[in-house]
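The structure under discussion appears below in the form of structure tokens.
Next comes the structure, spelled out in structure tokens:
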């Protein structure tokens, strides 16, 4: 297949999410043009009719990620396991992208792929809903310009140009396929020179952290340039961050209403009430330390 990635990026692709669509509002899929202004990503139940199983046997449609049970192994794979050529003689598995003839439940698919599946004989048994989006061939000019320049480079024997213009297209495709771990489920609440306080929505942040010993100090060893967990495994239930070096964190299991400092920080955030308190300022002058009393804005009033 020539220029598979580049070709895909010349097609109509989403530019704006317009919202969810209920099953009753989903239009006739086969009637939507490839270059329609509005496209759909659908969640459906899908199956291949039994009489077409032989037809699809070599290349089943609608691949999906799932765990492969041991009973699915072919005789050849069973022998590999038995002879300890893989897995040390023990079958282990994880999620794999597989093609099967089993019915698909809650399958998420682009409308153009679904049009092909239906044309080849697959049946939609249920529509759960859809996501509607505006679309256009917004990368077409960029992709085709690089393809044109690559042809010129190839004709001139310019090996660097051939690789460069290919990379300009393929790298963009790769970046679009990246799946950030948290995406919009992570927000930065506070940062200073060497610290971050973040809100992250995930099933188990400590399990996620354990997968990256290259960036996290899991053993609190103090190794250079690793990030450590200041709360040592105790989640933060509340945080009030006002400015650099002025924040409060409340560990899980503590009540902000019984914590004077946390309550003060929350009040400052909610009411934006400035308070003043007397303090002592230190500075250096002619190799000596000077000090003087002064009044500064603060959160918690403490008389000296």
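Residue numbers (this note's numbering): 949 to 1252. By construction, the Cβ of each residue, glycine as well, lies at the ideal position given by its N, Cα and C atoms.
Bridge partners - residue i, DSSP secondary structure assignment
i: residue 975; result: For residue 975, which the question treats as bridged, DSSP gives no partner whatsoever.
i: residue 1084; result: 961
i: residue 1014; result: 1044
i: residue 1198; result: 1186
i: residue 1164; result: 1175
i: residue 1139; result: 1144
i: residue 1240; result: 1229
i: residue 988; result: 1080
i: residue 995; result: 1071
i: residue 1024; result: Looking at the DSSP assignment, residue 1024 forms no beta bridge with any residue, so it has no partner.
i: residue 969; result: 1078
Distance, residue j Cα to residue i Cα
i: residue 1011; j: residue 1069; result: 16 Å
i: residue 1179; j: residue 966; result: 41 Å
i: residue 1154; j: residue 1114; result: 40 Å
i: residue 1037; j: residue 1026; result: 10 Å
i: residue 1099; j: residue 1087; result: 19 Å
i: residue 988; j: residue 1199; result: 44 Å
i: residue 1003; j: residue 1125; result: 31 Å
i: residue 1162; j: residue 1174; result: 7 Å
i: residue 962; j: residue 1023; result: 44 Å
i: residue 1055; j: residue 990; result: 8 Å
i: residue 1081; j: residue 1187; result: 36 Å
i: residue 1171; j: residue 1158; result: 16 Å
i: residue 1063; j: residue 1050; result: 19 Å
i: residue 1071; j: residue 1094; result: 40 Å
i: residue 1001; j: residue 1067; result: 15 Å
i: residue 1241; j: residue 1140; result: 27 Å
i: residue 1019; j: residue 999; result: 24 Å
i: residue 1112; j: residue 952; result: 17 Å
i: residue 1237; j: residue 1147; result: 41 Å
i: residue 1169; j: residue 1107; result: 48 Å
i: residue 984; j: residue 964; result: 14 Å
i: residue 1008; j: residue 1014; result: 15 Å
i: residue 1133; j: residue 1073; result: 33 Å
i: residue 981; j: residue 1121; result: 24 Å
i: residue 997; j: residue 1130; result: 38 Å
i: residue 1185; j: residue 1197; result: 8 Å
i: residue 1006; j: residue 1061; result: 19 Å
i: residue 1250; j: residue 1224; result: Residue confidence for residue 1250 is low, a pLDDT of 48 falling below 50, so the modelled location carries little weight; the figure read from the coordinates is stated next. Each residue's alpha carbon lies about 9 Å from the other.
i: residue 1096; j: residue 986; result: 30 Å
Neighbourhood of residue i by C-beta, 7 Å cutoff - its chain only, sequence neighbours within 5 removed
i: residue 1016; result: 1041, 1044 and 1046
i: residue 1189; result: 1137, 1138, 1145 and 1195
i: residue 1183; result: 1200
i: residue 1164; result: 1157, 1174 and 1175
i: residue 1135; result: 1146 and 1147
i: residue 1181; result: 1154
Cβ neighbour criterion (16 or more within 10 Å) applied to residue i
i: residue 1160; result: exposed
i: residue 1230; result: exposed
i: residue 1143; result: exposed
i: residue 954; result: buried
i: residue 1065; result: buried
i: residue 1078; result: buried
i: residue 1057; result: buried
i: residue 1059; result: buried
i: residue 1167; result: exposed
i: residue 1117; result: buried
Sequence-distant residues of the same chain with beta carbon closer than 8 Å to residue i, five excluded per side
i: residue 1052; result: 992, 993, 994, 995, 1010 and 1012
i: residue 958; result: 1085, 1087, 1088, 1091 and 1092
i: residue 1193; result: 1140
i: residue 968; result: 1077, 1078, 1079 and 1080
i: residue 1232; result: 1238
i: residue 960; result: 982, 983, 984, 987, 1083, 1084 and 1085
Cβ neighbours of residue i in the same chain (closer than 6 Å, five flanking residues each side left out)
i: residue 1252; result: Legend: pLDDT at residue 1252 = 40, less than 50; position of this residue unreliable, no value from coordinates given.
i: residue 1029; result: 1035 and 1039
i: residue 1075; result: 971, 974 and 992
i: residue 1239; result: 1228 and 1230
i: residue 1109; result: 1101
For the 8 Å Cβ check, are there 3 or more pairs between the stretch 964-980 and the stretch 1096-1110? no
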